[in-house]
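J.: Take 8 as the starting number for the sequence shown in the working numbering and just add one per residue.
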Amino acid sequence: MKLSPSTVSWLQVGPFALVLALFFGLPMIVVLVVSFFDFEQTSIVPAFILDNYQEIFTSDITLRLYLSTLRFALIVWALTLVIGFTLANFLVFHVRNLILKLGLFALVSVPFWTSNIIRMIAWIPFLGRNGLLNTALMDADLAPHPLEFLLFSPFAVVIAYVHLFTLFMVVPIFNSMARIDPAIIEAARDAGASRWRILSEIVIPLSKSGIALGTIFVVTQVMGDFFVVRVMSGGQSASVVSALQNEIASLQYPPAAAEAIILVIVVILMVSAVLRVVDVRKELVS
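1) For residue 64, is the classification buried or exposed, using 16 other Cβ atoms within 10 angstroms of its Cβ as the cut-off for buried?
2) From residue 251 to residue 161, what does the alpha carbon distance come to, in whole angstroms?
3) For the candidate residues 286, 269 and 262, whose alpha-carbon lies nearest to that of residue 46?
4) Between the Cα of residue 57 and those of 42, 70 and 69, spot the shortest distance and give me the residue it belongs to.
5) Could you pull the start and end residues of the alpha helix (DSSP H) that residue 279 belongs to?
6) Is it right to say residue 95 is buried, meaning 16 or more other beta carbons lie within 10 angstroms of its own, or is it exposed?
7) Give the DSSP-derived three-state secondary structure of residue 197 in the structure shown.
8) With distances taken from CA atoms, which of 179, 234, 76 and 55 is nearest residue 274?
9) With DSSP run on the structure shown, which of helix, strand or coil describes residue 249?
10) Going by DSSP, what residues sit across from residue 46 in a beta bridge?
11) DSSP three-state label for residue 233, please.
12) Let's see if you can read the secondary structure: which residues bound the alpha helix (DSSP H) around residue 120?
13) In three-state terms, what does DSSP make of residue 243?
14) When you compare each of 213, 246 and 230 to residue 192 by their alpha carbons, which one comes out closest?
15) Taking C-alpha atoms, which residue in 278, 267 and 243 lies nearest to residue 35?
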């Protein structure tokens, strides 16, 4: 019996769709339902109320947390994009030897094989008041006293984020650039195009899919993190997820569920905006 192409497609995607429905769709439905419940100290009261969502949209603290989280996401995205694009461009177009190229790429990625927590905490003795950087600056007479903003500050949070998530920008951009035909670059050079024109009119447009995927990876990671903010800011900064974690610790599950739903919607809108600008599927197929 010969199956139709549509049937074969459904059979291929069916197991993945089932796993997605069971481990993502069903839990999200439960969270959505609980977000409309009421609560009393340590118990959940089944009901249908909008108080949890009303509290989110009318609370100045919650809105500031969202703005703070979005600010971290945008700053980290911009920095990882510049660093990731520069590294990928160097590896693809300026390293001619394939073995050396693979070796340098491995050198970039090897540090990311260790735990995120270890790599993040490693910044504390480096950026601390009596850390390596402050000691070096004072020994060189470049700073009269220890720089307080280096650790337990938004600066430290951004540094840790960039360190943790740059690889998620490098890899997709590297893959996109590696698919660019070198003959196109050579033809542009022969036609008299400057390096900047080649970059802006050839390399960047043909790397759009990698930039879009890297953007999605980095932004979603930052939006969903709370541990880096808590540790590296020393309590001076907060995020939506850290507030959500505090509500869960206080057994306030309905407000936490509402926060989670709003956060998921915000992330989906951001990802949709990226995919609307760049058709990743079309870019990868072409």
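Even for Gly, the Cβ is constructed at its ideal location relative to N, Cα and C.
T.: From the atom records:
1) By 1-based counting over the sequence shown, the position of residue 64 is 57. When all chains shown are included, residue 64 counts as exposed.
2) On the sequence shown, residue 251 is found 244 positions in, with the first residue counted as 1. On the sequence shown, residue 161 is found 154 positions in, with the first residue counted as 1. Their backbone Cα atoms lie some 20 Å apart in a straight line.
3) Along the sequence shown, one-based indexing puts residue 46 at 39. With distances taken between Cα atoms, residue 46 lies closest to 262.
4) As a first step, residue 57 is located in the sequence shown; it is residue number 50 there, counting from the start. Of the listed residues, the one whose Cα sits closest to residue 57 is 42.
5) Taking the sequence shown and counting its residues from 1, the one referred to as residue 279 is at position 272. 260-284 is the span of the alpha helix (DSSP H), which, as asked, contains residue 279.
6) Counting from one through the sequence shown, the residue named residue 95 turns up at place 88. Around the beta carbon of residue 95, a 10 Å sphere encloses 16 or more other beta carbons of the protein chains shown; the residue is thus reported as buried.
7) If you number the sequence shown from 1, residue 197 lands on position 190. The answer is helix: DSSP assigns residue 197 an H, G or I state.
8) The sequence position of residue 274 within the sequence shown is 267, counting from 1. Considering only alpha carbons, the answer is 76.
9) Within the sequence shown, numbered from 1, the residue matching residue 249 stands at position 242. If DSSP states are grouped into helix, strand and coil, residue 249 belongs with the helices.
10) Position 39 of the sequence shown holds residue 46. 51.
11) Walking along the sequence shown from the start, residue 233 turns up at place 226. Coil, per DSSP.
12) Locating residue 120 in the sequence shown gives position 113, where the first residue counts as 1. First-last for residue 120: undefined, no H or E at that position.
13) Locating residue 243 in the sequence shown gives position 236, counting from the first residue. Residue 243: coil per DSSP, three-state reduction.
14) Locating residue 192 in the sequence shown gives position 185, where the first residue counts as 1. Per the Cα distances, 213.
15) By 1-based counting over the sequence shown, the position of residue 35 is 28. Nearest of 278, 267 and 243 to residue 35, Cα basis: 267.
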